[in-house]
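One structure is given here, and the rest of the page talks about it.
Numbering (my numbering), first residue to last: 8 to 172.
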């Protein structure tokens, strides 16, 4: 079932047809999903969601910051449960079912990261910008809450903390 857009109220609507073939749903809008140890690329994720029928693309990049809760972060490590990629797919498919997504991509890094490294990159393209913003926010929020990926922070004073366990 293709999503159509009602410009009068800005809401995406389920529909069986569209006035323009370019607005019909993509075959498989989930283009890239991965949890990996290798460094992430914004260009790779952005390219994965390119779609000629999309008028809006939203991209979120999460980086390792140098502080947390008033304490300096020296580095951190991410680890994941073996089910993490399957859960990431479930989250992505839920976003696709709830929003008029043309293309979606999400990549999360695991392993040891330094301050400034990319930890997660997600992107969504939709027919309109508001839809892309909403879908991208839903994707990153659900990924962070539902996909079993844990962060082990090491602070500059030598203390440590697990987050998301």
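All residues carry an ideal CB built from backbone N, CA and C; glycine is no exception. Nothing here was measured: the structure is a model prediction, and the numbers come from that model.
Where residue i sits in the DSSP three-state scheme
{"i": "residue 75", "result": "strand"}
{"i": "residue 96", "result": "helix"}
{"i": "residue 61", "result": "coil"}
{"i": "residue 15", "result": "Low local confidence applies: a pLDDT of 33 at residue 15 is under 50, so the model's placement there is unreliable, with the coordinate-based value given in what follows. Of the three classes helix, strand and coil, the one that applies to residue 15 here is coil, per DSSP."}
{"i": "residue 44", "result": "coil"}
{"i": "residue 102", "result": "helix"}
{"i": "residue 21", "result": "Confidence is the limiting factor: at residue 21 the pLDDT is only 37, short of 50, which leaves the residue's position unreliable, though a coordinate-based value still follows. Residue 21: strand per DSSP, three-state reduction."}
N- and C-terminal bounds of the alpha helix (DSSP H) containing residue i
{"i": "residue 50", "result": "49-55"}
Counted within 10 angstroms of its Cβ, other Cβ atoms place residue i as buried (16 or more) or exposed
{"i": "residue 109", "result": "buried"}
{"i": "residue 179", "result": "Nothing can be reported for residue 179: it is not among the residues displayed for the chain, which extend from 8 to 172."}
{"i": "residue 61", "result": "buried"}
{"i": "residue 127", "result": "buried"}
{"i": "residue 15", "result": "Because the pLDDT of residue 15 is 33, which lies under 50, any placement of that residue in the model is unreliable, and the question is left without a value."}
{"i": "residue 170", "result": "exposed"}
{"i": "residue 49", "result": "exposed"}
{"i": "residue 112", "result": "buried"}
{"i": "residue 35", "result": "exposed"}
{"i": "residue 97", "result": "exposed"}
{"i": "residue 46", "result": "exposed"}
{"i": "residue 78", "result": "exposed"}
{"i": "residue 64", "result": "buried"}
Limits of the unbroken beta strand (DSSP E) element including residue i
{"i": "residue 118", "result": "118-121"}
Sheet register partners of residue i (DSSP bridge)
{"i": "residue 115", "result": "42 and 127"}
{"i": "residue 110", "result": "132"}
{"i": "residue 171", "result": "None, per the DSSP bridge assignment."}
{"i": "residue 87", "result": "156"}
Continuous alpha helix (DSSP H) assignments of at least 4 residues falling wholly in the segment 125-167 = 136-153
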